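Numbering follows our numbering, in which position 101 of the sequence shown is assigned residue number 129; successive positions increment by one, without gaps. By construction, the Cβ of each residue, glycine as well, lies at the ideal position given by its N, Cα and C atoms. All values reported here derive from a predicted model rather than from experimental measurement.
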Amino acid sequence: VTKENEFSLSNSRMTIMGASFFLDNLVDPGIKVFFHIYGDKEEISPLLLEYKKVSNNSEFTHCSDNVLANDKPSFALRHRKDSSMKAAIVAVKEGKAFGVVSSGNTGALMAISRFILGTLPNIYRPAIVSICPTKTKSFALLDLGANVDCNADSLFQFALMGSIFAKVALKIDNPGVALLNIGTEEVKGNDSVRGAFELLKNAPGINFKGYIEASEFLEGNIDVIVADGFVGNVMLKTAEATASTFINLIKQEVFNSWIVKMLVGILLKSKLNKALTRFNPKIRSGAMFLGLNGIIIKSHGNSDAISFAHAIKICSKCN
């Protein structure tokens with residue numbers, strides 16, 4: 029079945045390199061890809077000449093401004109009128125593209141997306157969700173930075189959205205949902221977490237499992253983990269940094285010795301590579317904004333071409 033994918037991409041070198049990597053490694057010949065690229069023509073035009081496959085599958089629009097990393101969301105919303113970020117989101121609003129992939133300022137991306145696209149009915153605060161690996165399967169983690177301060181009602185809504193997301197994205201009929209906390213006893217946690225616990229424990233349609241500690245998330249017993257944006261973001265980045273360090277350490281210590289490399293190659297290489305790949309943050313790049321009237325995928329600000337390409341891949345699966 030032919031699937032038409034039109035992505036809206038905001039300005040960065042990794043945008044082009046990631047798009048090129050995505051196209052070069054596109055396995056499914058039935059997927060047709062087209063990119064709407066927004067940015068500074070002086071920066072982007074030479075790259076489009078270099079990456080012919082991208083230029084042949086894209087339309088470029090010059091934007092005179094861009095959102096900076098240190099821009100406050102309110103400033104970006106009011107003053108970055110001709111930014112590549114805004115233009116990319118408007119393309120989704122107008123139906124020119126079905127999704128945006130950006131590695132830009134997270135707060136600004138959320139603020140502009142919310143202003144232009146609006147939220148789904150009865151959703152007050154959109155959240156950022158990502159699919160993370162465990163020993164045996166994957167789980168959904170939210171919020172990852174959109175909402176630093178959350179009350180009980182917001183955490184309750186995140187749990188609802190996360191449960192629906194897990195049913196659709198992870199194909200789990202009755203996903204188990206837990207609140208991230210400093211302990212599993214009901215009395216533990218701050219007022220918001222304890223309040224959300226009370227709302228969730230008798231909520232119909234949610235398979236609520238209570239609290240979960242950060243030390244338990246890799247066990248694979250929970251399908252959706254809910255936290256405020258501050259805690260969730262710290263947890264995700266700590267886990268990613270730990271995984272990257274471990275993977276690099278294994279590669280340096282194991283594969284630098286030709287004797288060990290030969291033995292590992294004979295006995296364990298395929299299994300080890302499979303395990304290392306599963307926990308590689310680069311192939312997990314791309315978090316979705318839940319609760320908006322449109323598809324917005326956020327890649328890390330420090331993404332390389334491989335990471336950005338996988339964010340594009342996630343966006344392609346949303347169509």
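Task: Residue of R153, A315 and S158 minimising C-alpha distance to D177 - done: R153
TODO: Thinking I240 and L208 are a contact (beta carbons under 8 Å), I'd like their distance in whole angstroms, please.
DONE: 6 Å
TODO: Report yes if the CB atom of F317 is closer than 7 Å to the CB atom of A271, and no otherwise.
DONE: no
Task: Identity of the residues DSSP links to D107 by a beta bridge - done: The sequence shown places His at residue 107, rather than the Asp named in the question. BP columns for H107 are empty, so no partner.
Task: Those residues which DSSP pairs with V252 across a bridge - done: A168 and V205
Open item on the list: For K350 and L246, what's the separation of their Cα atoms in angstroms?
Closed with: Residue 350 cannot be examined here, being either before or after the span of the chain that is shown, 29 to 347.
TODO: Hey, could you find the ends of the alpha helix (DSSP H) T212 is sitting in?
DONE: Segment: none, T212 is in no alpha helix (DSSP H) and carries neither H nor E.
Task: Coarse secondary structure for F63, derived from DSSP in three states - done: strand
Task: Buried or exposed by the 16-neighbour rule on C-beta atoms within 10 Å, applied to E268 - done: buried
TODO: Along the beta strand (DSSP E) that carries S158, what are the first and last residues, could you check?
DONE: A155 to P161
Task: Euclidean distance between Cα positions of E32 and S182 - done: The pLDDT assigned to E32 is 45, lower than 50, so where the model puts this residue is not dependable; a value taken from the coordinates is nonetheless given after this. Approximately 35 Å, taken between the alpha carbons.
Open item on the list: Quick check: what's the CA-CA separation for A315 versus F336?
Closed with: 11 Å
Task: Span separating the alpha-carbon of K124 from that of F49 - done: 23 Å
Open item on the list: Between C343 and I323, how many whole angstroms is the CB-CB distance? I'm expecting something under 8 Å.
Closed with: 6 Å
Task: Cα-Cα separation between L320 and Q280, rounded to whole angstroms - done: 43 Å
Task: Segment limits, alpha helix (DSSP H) that includes V82 - done: K80 to S83
- [ ] Kindly indicate which residue of L170, G238 and C91 has the alpha-carbon position closest to the one of E213.
- [x] G238
Task: Alpha-carbon to alpha-carbon, K345 and A197 - done: 9 Å
Task: Cβ-Cβ distance between G173 and N261 below 7 Å - done: yes
- [ ] For the beta strand (DSSP E) holding F88, just list the boundary residues, first then last.
- [x] S86 to H90
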